[in-house]
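If you read the protein sequences in the order shown, they are chains A and B. Position in the first sequence counted from 1, then plus 4, gives you the numbering used here. Reminder that position 311 of the second sequence reads as 304 in the numbering used here, one-by-one numbering, no gaps. Each residue gets a CB set at the ideal place from its N, CA and C atoms; glycine is no exception. Model, not experiment: these values are computed from the prediction. Here is the structure we will look at, set down as structure tokens.
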Amino acid sequence: MRPLDYRRASSVDEAVALMGRPGPVRLLGGGTNLVDLLKLGVESPTLLVDVTHLGLDEIDDTADGGLMIGATVRNSDLAADPRVRERYPVLARALLSAASAQIRNVATTGGNLLQRTRCVYFMDATKPCNKRVPGSGCPAIEGASRELGVLGTSTECIATHPGDMAVALTALDAVVHYVTADGAATIGMDRFHRLPGDDPSRDTELPPGAMITGVEIPPLAFGPTSTYRKARDRRSFAFALASVAAAVQVEGDEVRDVRLAIGSVAHRPWRARVAEELLRGAPATADSFRAAAEAEMAAATPTEENRFKVDLVTRLVTGTLLELAGGGR
Amino acid sequence: MSALGTPLRRLEGRDKVTGSARYAFEHTPEGCVHAWPVQSTVAFGRVESIDVDAVLAMPGVIDVITADDAEHLNDADDGELLVMQSRNVAYRGQVVALVVAESLETAREAAGALRVEYLTGEVGPDVVLTGDHPKLYAPETVNAGFATDTAVGDIDQALAEADVVVDRTYTTPALFNNPMEPHASVVTWADGRLDVVESSQGTTSTVQILAKLFDIPVDDIVVRAEHVGGGFGSKGSPRPNVVLAVMAARRVGRPVKIAYTRQMMFSIAGYRTPTVSRMRLAATRDGRLLGISHDAFSQTSTIEEFTEQTAEAVRHMYAAPHRSTTHRVAALDVPTPRWMRAPGECPGMYAVESSIDELAHELSIDPVELRVLNEPASDPETGKPFSSRHLVDCLRRGAEAFGWDGRARTPGTRREGGRWLVGTGMASSLYPAMTAPSSACATAHRDGSYRVEINATDIGTGARTVLAQIAADALGTVVDRIDIRIGSSVHPLGAIAGGSSGTASWGWAVTKACRSLTEKLASGTEIPHDGLVADADTTDDVEAMDDVDRHAYGAQFVEVRVDLDSGEIAISRMLGVFAAGRILNGRTARSQFIGGMTMGVSMALHEQGVMDARHGDYANHDLATYHVAASADIPPIEVEWLDEQDSHLNPVGGKGIGEIGIVGAAAAVANAVWHATGVRVRDLPVQPDALVSRLPVR
Ligand SMILES: Cc1cc2nc3c(=O)[nH]c(=O)nc-3n(C[C@H](O)[C@H](O)[C@H](O)COP(=O)(O)OP(=O)(O)OC[C@H]3O[C@@H](n4cnc5c(N)ncnc54)[C@H](O)[C@@H]3O)c2cc1C
Chain A
5 MRPLDYRRAS
15 SVDEAVALMG
25 RPGPVRLLGG
35 GTNLVDLLKL
45 GVESPTLLVD
55 VTHLGLDEID
65 DTADGGLMIG
75 ATVRNSDLAA
85 DPRVRERYPV
95 LARALLSAAS
105 AQIRNVATTG
115 GNLLQRTRCV
125 YFMDATKPCN
135 KRVPGSGCPA
145 IEGASRELGV
155 LGTSTECIAT
165 HPGDMAVALT
175 ALDAVVHYVT
185 ADGAATIGMD
195 RFHRLPGDDP
205 SRDTELPPGA
215 MITGVEIPPL
225 AFGPTSTYRK
235 ARDRRSFAFA
245 LASVAAAVQV
255 EGDEVRDVRL
265 AIGSVAHRPW
275 RARVAEELLR
285 GAPATADSFR
295 AAAEAEMAAA
305 TPTEENRFKV
315 DLVTRLVTGT
325 LLELAGGGR
Chain B
-6 MSALGTPLRR
4 LEGRDKVTGS
14 ARYAFEHTPE
24 GCVHAWPVQS
34 TVAFGRVESI
44 DVDAVLAMPG
54 VIDVITADDA
64 EHLNDADDGE
74 LLVMQSRNVA
84 YRGQVVALVV
94 AESLETAREA
104 AGALRVEYLT
114 GEVGPDVVLT
124 GDHPKLYAPE
134 TVNAGFATDT
144 AVGDIDQALA
154 EADVVVDRTY
164 TTPALFNNPM
174 EPHASVVTWA
184 DGRLDVVESS
194 QGTTSTVQIL
204 AKLFDIPVDD
214 IVVRAEHVGG
224 GFGSKGSPRP
234 NVVLAVMAAR
244 RVGRPVKIAY
254 TRQMMFSIAG
264 YRTPTVSRMR
274 LAATRDGRLL
284 GISHDAFSQT
294 STIEEFTEQT
304 AEAVRHMYAA
314 PHRSTTHRVA
324 ALDVPTPRWM
334 RAPGECPGMY
344 AVESSIDELA
354 HELSIDPVEL
364 RVLNEPASDP
374 ETGKPFSSRH
384 LVDCLRRGAE
394 AFGWDGRART
404 PGTRREGGRW
414 LVGTGMASSL
424 YPAMTAPSSA
434 CATAHRDGSY
444 RVEINATDIG
454 TGARTVLAQI
464 AADALGTVVD
474 RIDIRIGSSV
484 HPLGAIAGGS
494 SGTASWGWAV
504 TKACRSLTEK
514 LASGTEIPHD
524 GLVADADTTD
534 DVEAMDDVDR
544 HAYGAQFVEV
554 RVDLDSGEIA
564 ISRMLGVFAA
574 GRILNGRTAR
584 SQFIGGMTMG
594 VSMALHEQGV
604 MDARHGDYAN
614 HDLATYHVAA
624 SADIPPIEVE
634 WLDEQDSHLN
644 PVGGKGIGEI
654 GIVGAAAAVA
664 NAVWHATGVR
674 VRDLPVQPDA
684 LVSRLPVR
């Protein structure tokens, strides 16, 4: 049997110190992704450091009216929190659209952010994958790519960040708090996940040896008019083909402000800045929503198999914004 | 008072939900060790070397078996069972070595560590089936012994003379059975006797096949399958797991356990071949079929020929003077396909019933009426009389209960809430009513209780319960007095739980044994101390059955909602009406119908083995990536059955219900999607990809 040590950290500092040991060392949240990858031979750490007993399971109000979410708050608890449901329905809905109730009951906020891609080549240790084994090649580009990226891809990798929660957090301009041996630091969600470029082995900009301690969501006045829509191959327990996190502020017949992020189309949750720019001040109509979405997707570089995502995103964005703008006609 | 017909709960239901019912892998004989198969990572080639010594040196590893030292096996008519008989690799995932170790963990770890080098050619594997694949050929017969090709009249002439012709091609992807309990075996070999606990749909044939493979007298083999967590055909004949376990047990001299992982279910358990069906229909303007033709293409492996009988169903469906069916199969570098719920009928009727729907639209005739118009008086190909056929009654009753009347002729016209397109579709179902010879033994005890034995297998269907009901009626007693013993080859020989024929076959033997016992008792025979015994065998009875056409029929109706924002499909209503002879237990029967229809929805919308053409395996080989329908995808399904009497069946009067629910369901869904959207998707599964660009915008 492959030897594997398990330690339950008693403080953040201890967890970070253990991360400095010769490894690989991995932090263990709910284990719903990491343990699967262990069984598949994709990850092979020698030490697991359990971080779920550090008192990081609280959701606190911040002074400015936002929320600070501890790194080990379970997905189901976060989705059920009345403040989240009231102020950021987009986040509650994104969480509830993900995985299954059983998985959400154990999955943590930190672990969710760092979940790996679901590309079938990454998950199969008998096949090449530049993300898993740098330089081994990317069979996905010419292979089973239907679920994979259409924006910000590279010739090395077309994997996506597959999760839902991070898409909502990206639209909400959330900030990730973490600790390394050098001390505490933060990084905004729009810079947290990376594009693959020529180093797809790195999913995020989190420094090596860092432990996430929490996620801070700033206040958003029009947060209550936000929602999350997810298109998928079955109505539950499936990753998104594409998803949309949106918040809109409409005044009269005009869009005053908007937040828009798209999921499962790129190596990171895709903040739709092009569309946002076009939408501010635009009429709140299906036509202008569609035009903004099309402009965002103009940069898409799909494969033959995932070309449908371009149209899918355009429709999903249009429909989601219509719903929020109170139109729906 | 009759036990049959009452919706009795499963006799073993409590044992199952409390966990005391033991499945194969939960049996652990003293000293048991674990075996783990090592699977090829190339799709085609030869094993060049295996570094056995490095793994044998690992603590806890007992043995490593490879083609170089595996025991010789006799051919038992299934190339998949000839494990490790040569260094050749026929498909990715084929077993190239077996590791035996003290613990499951060690066996798995050692199997993962075993270094295997392969010799492969320059060219990649040949793994993608198409309707014009150069390797397609006509097999001698197709699955279940049906004719490869049939022809009546002149189909080309019919097509030339018809007012309206539909000529369309439909495809279904590779589909994987995936019962809840993966394949597992626990084998003890001691004193020249083989004791096997197996997750199987029928252990009588397992005994015979193991006897042949290993040259062991059948009398020295016992195979048991007391509780089985589903099979859907994949456990209808032995799979490599049991052969590997027997091989290992004979070699290491200790009991051996083996179980497939979920991933292994996608290469060494059997699956439904992808199919390509070209349908050609020739009709008059007023809706009479002049000709119908079905050309079916499928794949098999290079080590065993299995040809799905995809074009068999159409031979029995609709009247038409000119008819043609063909089957062609290509031997590719893929695992051997095998039985999956309604092999033949399921993919075949998807094509047939989709093409009939297209014809109805071409003719502007209601799809229900078109089917009624072409109802045959006798089997349309052979002219044999029907034992009973109530398809039209199912269609009429279904249309009424579903509210079919008033359905818009034009597709894509019903919009709800701005965001949804709504449509309805329907299709017919059929499945053969088969019976196979079986034996049974009934014993009367002095205290008024009875024991009934037969090697039937309950794979979760409720067969055990229904057999007890059958016995109670035949003996004129109540179910509580019956001690029903099934699921072991020590009992009288029973047919497999397959082809929806189990209850008919076993029920006949049980009825016969019980009646004979009743006669003995009635004639005043004294019950000896250890009970009065009556045996029965139905070989002659089955042989003597009338030469008529026996099928069960059904009609399925579906309503779907298609999301204009995404092309996602939601099923809002589904109804099935079936005529399947006598329904013996309404509770377990309903579950079979609903289960079949659910699996049909899953086939229509979700399931798809994605071939990785470069590496030669199905890339989505787990249940996170190979989607089966979730509860949220399935509406409350309504099921009705007609009260059908049929005197040409077994004495129990049932036609079999395990498979018919899946037949036609996928076509009904796809037809409804067309009606909702006006988009005809001819390649399953129907997913947003095919729809999203072709829907109207909001
Ligand atoms: C079948 C299935 C379906 C799913 N469907 C969906 C879906 O539809 N949508 C969706 O969004 N997700 C889905 N998921 C993924 C699920 O959301 C993630 O597995 C889960 O959120 C991960 O959280 P965890 O706490 O279990 O992480 P773990 O598995 O414990 O950890 C994941 C990674 O994060 C690291 N880590 C954990 N905590 C910290 C920390 N505090 N600091 C730094 N690193 C940390 C670990 O080392 C590991 O690398 C699905 C999962 C499965 C198995």
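Go ahead and pull the three-state DSSP assignment for Cys133(A). coil
Is the CB-CB distance between Val200(B) and Ser482(B) below 8 Å? yes
Which of the three DSSP states, helix, strand or coil, is assigned to Gly547(B)? strand
Who are the neighbours of Leu320(A) on chain B, taking C-beta pairs under 7 Å? Asp558, Ser559
Sorry if obvious, but does the Cβ on Ala239(A) come closer than 7 Å to a heavy atom of ligand 1? Residue identity check: residue 239(A) is Arg in the sequence provided, not Ala. No, the beta carbon of Arg239(A) sits no closer than 7 Å to any heavy atom of ligand 1.
Nearest-angstrom Cβ-Cβ length linking Met590(B) and Gly569(B), presumed shorter than 8 Å: 5 Å
Report the CB separation of Leu304(A) from Val154(A) in whole angstroms; it is logged as a contact under 8 Å. The sequence as given places Ala at residue 304(A); Leu does not occur at that position. Indeed, because the Cβ distance is near 4 Å, the residues count as touching under 8 Å.
Should Ser158(A) go down as buried or exposed, given a rule of 16 or more other Cβ atoms within 10 Å for buried? buried
What's the call for Asn67(B), buried or exposed, on a 16-neighbour Cβ count within 10 Å? exposed
So, are the CB atoms of Val249(B) and Val26(B) less than 8 Å apart? yes
Nonlocal neighbours in the same chain, by C-beta distance under 6 Å from Gln680(B), ignoring five residues either side: none
Pro287(A) bridges to which residues according to DSSP? Glu258(A)
Quick check on DSSP: helix, strand or coil for Ser509(B)? helix
Using C-beta distances below 6 Å, list every residue in its chain close to Arg80(B), excluding the 5 sequence neighbours before and after it, in chain order. Arg39, Val40, Ala60
Helix, strand or coil: which one does DSSP assign to Gly72(B)? helix
Cβ distance (whole Å) where Asp207(A) is taken to contact Gly192(A) below 8 Å: That pair is no contact at about 16 Å.
Three or more beta-carbon pairs under 8 Å between the stretch 409 to 423 of chain B and the stretch 388 to 398 of chain B, yes or no? yes
Closer than 7 Å: is that where the CB of Ile63(A) sits relative to any heavy atom of ligand 1? no
Check the Cβ-Cβ distances between Leu316(A) and every residue of chain B, and say whether any is below 8 Å. yes
Could you confirm whether any beta carbon from chain B is found closer than 8 Å to the beta carbon of Lys135(A)? no
Can you name the residues that DSSP bridges to Glu446(B)? Cys434(B), Arg478(B)
Determine the chain A residues that contact Asn613(B) at a beta-carbon separation under 9 Å, and present them in chain order. Val124, Ala148
Following a CB-centred definition, is Ala103(A) positioned closer than 7 Å to any heavy atom of ligand 1? yes
Does the distance between the C-beta of Gly263(B) and the nearest non-hydrogen atom of ligand 1 fall short of 7 Å? no
Between Thr174(A) and ligand 1, is the CB less than 7 Å from at least one heavy atom? no
Evaluate Pro373(B) with the Cβ neighbour count: other Cβ atoms within 10 Å of its Cβ, from every protein chain shown; 16 or more gives buried, anything less gives exposed. buried
How do the stretch 460 to 475 of chain B and the stretch 506 to 520 of chain B stand: do at least 3 beta-carbon pairs fall below 8 Å, yes or no? yes
Under 7 Å, CB to CB, which of the residues in the stretch 60 to 83 of chain A have a partner in chain B? none
Taking the beta carbon of Tyr706(B) as the centre, do at least 16 other beta carbons fall within 10 Å, making it buried, or is it exposed? The structure shown does not extend to residue 706(B), since chain B is modelled only from -6 through 691, so no value can be given for it.
For Ser247(A), I'd like the list of residues in its chain whose CB is within less than 8 Å of its CB, leaving aside the five on either flank, ordered along the chain. Ala98, Ser101, Asp168, Val171, Tyr232, Arg233, Lys234, Ala235, Ile266, Gly267, Ser268, Leu320
Note down, in chain order, every chain B residue with its Cβ under 9 Å from the Cβ of Ser240(A). Ala623, Ser624, Ala625, Asp626
If we define contact as Cβ-Cβ less than 8 Å, is Pro93(A) a contact residue for chain B? no
Can a CB atom of chain B be found closer than 8 Å to the CB of Arg6(A)? yes
Which residues, in chain order, does the stretch 7 to 29 of chain B contribute to contact with chain A at a C-beta distance below 8 Å? none
Let's test the definition: count the other Cβ atoms within 10 Å of the Cβ of Thr76(A) and tell me whether it reaches 16, buried, or not, exposed. buried
Give the residues of chain B in contact with Ala290(A), contact being defined as C-beta atoms less than 9 Å apart. Val690, Arg691
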